[in-house]
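Notes follow the structure.
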Amino acid sequence: MADAGMLRFHVPEPEVRPGGTPDFSNVTIAAAGSVPRPDIDVDPRTIRDMAFSIIRVLNRDGKAVGPWAGLLSNEELLEGLRHMMTLRTFDARMQMAQRQGKTSFYMQHLGEEAVSCAFRKALAPGDMNFPTYRQAGLLIADGYPMVTMMNQIYSNEADPLKGRQLPIMYSSKEHGFFSISGNLATQYIQAVGWAMASAISNDSKIAAAWIGDGSTAESDFHSALVFASTYKAPVVLNVVNNQWAISTFQGIARGGSGTFAARGLGFGIPSLRVDGNDYLAVHAVAKWAAERARKNLGPTLVEYVTYRAGAHSSSDDPSAYRPKTESDAWPLGDPIVRLKNHLIGLGVWSDERHAQAEAEILDTVIAAQKEAESHGTLHAGGKPSTRDMFEGLYAEMPPHLRRQRQQAGV
Amino acid sequence: MPRRTMIEAIRDAMDVSMERDERVVVFGEDVGFFGGVFRCTQGLQAKYGKSRCFDAPINESGIVGSAIGMAAYGLKPCVEIQFADYMYPAYDQLTQEAARLRYRSNGDFTCPIVVRMPTGGGIFGGQTHSQSPEALFTHVSGLKTVVPSNPHDAKGLLIAAIEDPDPVIFLEPKRLYNGPFDGHHDRPVTPWSKHELGEVADGHYTVPLGKAVIRRAGSALTVLAYGTMVYVAQAAAEETGIDAEIIDLRTLLPLDLDAIVASVKKTGRCVIVHEATLTSGFGAELSALVQETCFYHLEAPVARVAGWDTPYPHAQEWDYFPGPARVGRALIETMEA
Ligand SMILES: Cc1ncc(C[n+]2csc(CCOP(=O)(O)OP(=O)(O)O)c2C)c(N)n1
Ligand SMILES: [Mg+2]
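Residue numbers (my numbering), protein chains in the order written: chain L, 20 to 429; chain A, 525 to 861.
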C-alpha cells in the first residue's frame, strides 16, 4: 500500500447526527434475567465479564425475572413509582419556572429518574452521597422537602444556601447529600476520602460517588479509582452513562475501552453494568454494591446505562447535535412506563390509578411551588440579603472582609 | 465594514488562522461538531475536518497537556477551556509545563499554544461560571495574558496570540460576547451590530500583544481597566461627569506600562477597576507599578475597585459586580482626595 507508513488521526463519531435515522442496533442488550447474581464476596477476577453485560430485571412483558429480582415489596415498588413521577413533575414545573424567568438555570433528569430514586433506597441512614447535578432523586426519595429544593432553585429568602449557589446545587448533610460543586468529577475522589474516613474510624457508614459518562474522562475519576482500590474503601462508585455529555457523545470519554464499567477492571474493582431505566435492577445492583462496601469487601463500580432524554440544561438545545427522535429509539425505554407496566401486571396498579396519581402529584408540586414563591423568586419578592454574601466564607470573618462589608454598606 | 459579535470575531480569527497556517488546530469540550457551548468554533470542523477541529474528552489537564505535546511537535494548538472556572485541573500543565518549556530546554522546545476561556460574571452563572482568574496567570513567569474588550480587538489579538511563539492565555469576557455591557443590568444591551467597535475587517489583521489603547481621552484622572470593566468605567465617567481618561489594557502581560505612565503623569490620579477579587488581584500589581513610576506626580492615593473577596454569588450577582455606582464613587473620592 502506498500510504502504509502514513499515520491517521482518529476521532470517534456517533452513529448518527441530526437528519439521520437513530440507530442503536450496535448497543447489545442482554435479556432480562440472564446475568447471574454472584455472592458479594466473589473474587473480582471471576466476574470481569459483568463489566460488559447489562443486568436487567424487567423484561419486555413487564415481568421481573432472574436472580436480581424479588428484593422489593409491592408497597416499595409503588413508592418508587411515586418518587420517579414526583421527580419528573418537579422537573417539568421547575423547567417551566426557568422559562418564565423565575430562576436563571435548570437541569432535569428526564429518562434517568430510576437511577437516583432507586439507588437512595439501597442506602442506610448516615451514608453519604457525593452527587452530581442530575441526582435529585436522592433527595426526593429520602423525603427531603420539595419546598426547600425550590427555595434553593429560586435563590429566595428561604434558600438554605442563602442565594450563594447556582440553582439545583443542593446540599443536605442530614439527607446524606453532599454539597454539589459545579466543577465536574472533583467530588468523586472526595467520596472515596469520606469512605476511607469511615473505615479509619471503624464506623459502619458507606459513601456513594457519582459521575456522568463524560466526566469519567477527568483525572479525578482515575484518582478515585486508585484510592478506592488501594485502600479498599467502603464506597459505591457510580457512573451514570446517559450517552451524552452536553453535545459530546459517550464515545469521546469512553474511547476504546468498550464500556465505562470496564474502567474498573484494571484497578481490580468489581465492575457491573446495569439497565439504568429499570428501577428494580438499579435497586438490586445498588444493594449488592452497598452490602459489599458495608461488609469490608471494598469498592464496586456500577455503570448505569440510560439516556438523557431532555436537553443538557436550560441553556442547551440538543437538536443541534443529535436526531430529535433519538430518545424514542432508545432501546431501554422509559423508567416510569416500565415500572408502571410492571405494577399493572402485578395487579396492584392501573392506568386510572396512574392518571389519578399524576394529578395528585401535580397538585402537590404546584402547592409546594406556591409556597416557595411566597418566599420570592430570583428576580422578585424576598431575597437573601447582601450581608449573606460576605458571611459563611470563614468560620470567623477576617478583618478585610469586615471592611469590605462595611464599604458595601450592608 | 462588516459588523460581528465578539463570538463571530473570535471564530473568524480562528478561521483566518486555520486557513493561513495548517499547523493551527482547534479543540476542546464540545468544540467540534457542535462548535462550542458559546458557538465560538461553529463551522470550523465542517470546513477544516476532524483532524484540525475536534471534541476533547472532559479533561482540562488533558486538553492543555496534549496541546503542549502538539506544540512540541510543531503544531499550533488553539484550545478552549469551556469556562475559565474549569481551568484549574489544567493549572499544573500551564504553570509548570507550558510556561517553562522554552526556558528549561533553552529553546530546544517551545510552546506556541493559545488557551481560550470565557471569563467574568454578569450572566447569573454562580460560583463556577463567573470567575476572573487573570491574576493566577499573570503571576506565572512564562505566560502571556490577554483580555479583549470588543470584537475588533478580539479578532486581532487572537490572531496575534496564535502567531505568538509563546503560550498565551486568552480570556474572553463572556458578558461582552453579544454586546458591550456597562453594568446597568436592568437596561437593554446594545448589540455589537450597533456599535462601532463591532466593525471587524475581513481577512487577516493583528492587534499587537502588549499595547494598550485609550478608550476615552480625559485630563482629570486615569482609569485602568480591561474587558467588561472598560464599559463600566465609561458609564461611571459619563454619570459622574468626571473627565476620566480610560485606558483599556487589552494585554495584562506583557503590559503597556508606557501608556499607563504617560496618562497618570498627565492626570495625577489613578483608579484601577477589575471584576476579579481584590486581594492579590491584578490591580495590586498595577497599583504598585503606578506608585513606583508616578509617585511624584500623584495627587491622590491610587484607588482600586474590584469584586469583593468572596466566591461569586448567584442571587447577589449585582451586589457583587463592581458596577457603575461603585466605580463612580471611587472616581469622585479620588477627585476629592
Ligand atoms: C471541570 C469542568 N469542566 C467542564 C464543565 C462544563 N460541563 C458541565 S456539565 C458537562 C457535561 C457533563 O457530562 P456528563 O459527565 O456525561 O454528565 P451529564 O450532564 O450527562 O449528566 C460539562 C462539560 C464543568 N462543569 N466542570
Ligand atoms: Mg452524560
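Glycine included, every Cβ here is placed at the ideal spot set by N, Cα and C.
Beta-carbon neighbours of residue i, restricted to chain L and to distances below 7 Å
| i | result |
| --- | --- |
| A/A760 | In chain order: nothing, as chain L lies at least about 16 Å away. |
| A/V561 | I265 |
| A/P837 | G182, R183 and M408 |
8 Å Cβ cut-off: residues of chain A touching residue i
| i | result |
| --- | --- |
| L/F409 | W832 and T834 |
| L/V30 | G556, K574, S575, F578 and D579 |
| L/G120 | Ordered by position in chain A, no residue passes the 8 Å Cβ test against L/G120, which lies about 11 Å from the chain. |
Closer than 9 Å at the beta carbon, the chain L residues around residue i
| i | result |
| --- | --- |
| A/N702 | Here the premise fails: no neighbours, minimum Cβ distance about 14 Å. |
| A/D545 | Here the premise fails: no neighbours, minimum Cβ distance about 18 Å. |
| A/H821 | Chain L residues near A/H821: none, gap ~27 Å exceeds 9 Å. |
Amino acids of chain A, ordered along the chain, whose beta-carbon sits closer than 9 Å to that of residue i
| i | result |
| --- | --- |
| L/G233 | E553, P581 and I582 |
| L/E237 | P581, I582, N583, E584, S585, G586 and P613 |
| L/N260 | Here the premise fails: no neighbours, minimum Cβ distance about 14 Å. |
| L/Q423 | L802, W832, D833 and T834 |
Contacts around residue i, its chain only, beta-carbon distance under 8 Å, and the 5 residues preceding and following it disregarded
| i | result |
| --- | --- |
| L/D336 | A330 |
| L/G130 | N261, N296, T325, Y326, R327, A328, G329, S346, W349, D353 and P354 |
| A/I531 | F562, R563, C564, Y701 and N702 |
| A/R717 | It is Ser, not Arg, that sits at residue 717 of chain A in the sequence shown. If we look at A/S717 and ignore the five residues flanking it on each side, its Cβ neighbours are R527 and T529. |
Proximal residues to residue i (C-beta, below 6 Å), its chain only, five neighbours per side dropped
| i | result |
| --- | --- |
| L/I288 | S248, P318 and L320 |
| L/E371 | none |
| L/M69 | L291 |
| A/P837 | Y844 |
| A/D632 | none |
| L/P63 | G287 and P289 |
| A/T817 | V785 |
| A/G589 | Q617 |
Within chain L, partners of residue i - CB distance below 8 Å
| i | result |
| --- | --- |
| A/F806 | Those do not exist, as A/F806 stays about 18 Å from chain L at its closest Cβ, beyond 8 Å. |
| A/Y597 | Those do not exist, as A/Y597 stays about 12 Å from chain L at its closest Cβ, beyond 8 Å. |
| A/P642 | Correct list: empty, because the minimum Cβ distance to chain L is about 13 Å. |
| A/T645 | First, the amino acid is wrong: residue 645 of chain A is Gly here, not Thr. Chain L residues near A/G645: none, gap ~12 Å exceeds 8 Å. |
| A/G765 | Neighbours of A/G765 on chain L: none; closest Cβ ~23 Å, over 8 Å. |
| A/T565 | Correct list: empty, because the minimum Cβ distance to chain L is about 11 Å. |
| A/H653 | L185 and G201 |
Proximal residues of chain A, C-beta to C-beta of residue i below 7 Å
| i | result |
| --- | --- |
| L/F196 | By Cβ distance, chain A contributes nothing, its closest Cβ being about 18 Å from L/F196, past 7 Å. |
| L/L420 | D833 |
| L/F286 | What L/F286 touches in chain A: nothing, since even the nearest Cβ is about 18 Å away. |
| L/S174 | H838 and A839 |
| L/A272 | P581 and I582 |
Cβ neighbours of residue i in the same chain (closer than 7 Å, five flanking residues each side left out)
| i | result |
| --- | --- |
| L/P41 | V35, P342, T344, E345 and A348 |
| A/R624 | G666 |
| L/K359 | L100, W368 and H373 |
| A/E876 | This structure cannot settle anything about residue 876 of chain A, because the visible part of chain A is limited to 525 through 861. |
| L/G182 | S174, K402, P403 and D407 |
| A/W842 | H709 |
| A/G680 | Y729, T730 and V731 |
Counting beta carbon pairs with one atom in the stretch 152-166 of chain L and one in the stretch 350-367 of chain L, are three or more of them shorter than 8 Å?
no
Which complete beta strand (DSSP E) runs does the stretch 599-635 of chain A hold, if anything under 3 residues is left out?
The beta strand (DSSP E) runs of length 3 or more contained entirely in the stretch 599-635 of chain A are, from start to end of the chain, 600-604.
Along the stretch 33-45 of chain L, what residues have a CB closer than 8 Å to any CB found in chain A?
R36
Any contact of the stretch 100-111 of chain L with the stretch 305-317 of chain L, i.e. 3+ C-beta pairs under 8 Å?
In short, these stretches do not touch, since the Cβ pair count stays below three.
Do the stretch 289-302 of chain L and the stretch 137-144 of chain L make contact, defined as three or more Cβ pairs closer than 8 Å?
yes
Answer yes if the stretch 704-721 of chain A comes into contact with the stretch 554-566 of chain A, meaning at least three C-beta pairs across the two stretches below 8 Å, and no otherwise.
no
Take every Cβ of the stretch 752-766 of chain A, pair it with every Cβ of the stretch 726-743 of chain A, and state whether three or more of those distances are shorter than 8 Å.
Contact annotation: the stretch 752-766 of chain A touches the stretch 726-743 of chain A, with at least three C-beta pairs closer than 8 Å.
Does the stretch 200-214 of chain L come into contact with the stretch 143-156 of chain L, if we say contact requires no fewer than three beta-carbon pairs (one atom in each stretch) closer than 8 Å?
Cβ pair count under 8 Å is three or more, so yes.
Closer than 9 Å, Cβ to any Cβ of chain A: which residues of the stretch 374-405 of chain L, in chain order?
Across the stretch 374-405 of chain L, CB contacts with chain A closer than 9 Å involve L397, K402, P403, S404 and T405, in sequence order along the chain.
I'd like to know if the stretch 168-177 of chain L and the stretch 386-406 of chain L are in contact, where contact means that at least 3 CB-CB pairs between them fall below 8 Å.
yes
Which runs of the beta strand (DSSP E), 3 residues or longer, sit entirely within the stretch 632-656 of chain A?
Complete beta strand (DSSP E) runs here, min 3: 638-643.
Could you name each continuous beta strand (DSSP E) segment of 3 residues or more that falls completely within the stretch 130-158 of chain L, going from the start of the chain to the end?
Within the stretch 130-158 of chain L, complete beta strand (DSSP E) segments of at least 3 residues are found at 147-149, given in chain order.
Take every Cβ of the stretch 614-630 of chain A, pair it with every Cβ of the stretch 643-655 of chain A, and state whether three or more of those distances are shorter than 8 Å.
Touching, no, given that fewer than three Cβ pairs across the two stretches are closer than 8 Å.
Please identify, using Cβ separations under 7 Å, the residues of the stretch 339-360 of chain L that lie next to chain A, in order along the chain.
A339 and Y340
Touch check for the stretch 109-116 of chain L and the stretch 78-98 of chain L: three-plus C-beta pairs under 8 Å?
no
I'd like the ranges of any alpha helix (DSSP H) spanning at least 4 consecutive residues and lying wholly in the stretch 205-253 of chain L.
205-219 and 238-250
Could you tell me whether the stretch 261-273 of chain L touches the stretch 222-233 of chain L, using the rule of 3 or more Cβ pairs below 8 Å?
yes
My parser needs the alpha helix (DSSP H) runs of 4 or more residues fully inside the stretch 662-718 of chain A; what are they?
675-687
Could you tell me whether the stretch 235-247 of chain L touches the stretch 203-211 of chain L, using the rule of 3 or more Cβ pairs below 8 Å?
yes
In chain order, what residues of the stretch 622-642 of chain A put their CB closer than 7 Å to some CB of chain L?
none
Of all the residues that make up the stretch 186-214 of chain L, which are near chain A by a beta-carbon distance shorter than 9 Å?
Contact annotation: in the stretch 186-214 of chain L, residues whose CB is within less than 9 Å of a CB in chain A are P186, M188, S200, G201, N202, L203, A204 and T205.
Whole beta strand (DSSP E) elements within the stretch 33-88 of chain L, 3-residue minimum:
none
Meets three-Cβ-pair contact criterion under 8 Å: the stretch 532-547 of chain A and the stretch 595-607 of chain A
yes
With a floor of 4 residues, list each alpha helix (DSSP H) that falls wholly inside the stretch 528-584 of chain A, ordered by position along the chain.
530-544 and 568-572
Under 7 Å (Cβ pairs) to chain L, residues found in the stretch 838-853 of chain A:
H838, A839, Q840, D843 and Y844
Note down, in chain order, all residues in the stretch 107-133 of chain L with a beta-carbon under 9 Å from any beta-carbon belonging to chain A.
Listed by position, the residues of the stretch 107-133 of chain L near chain A (Cβ gap below 9 Å) are T122, S123 and F124.
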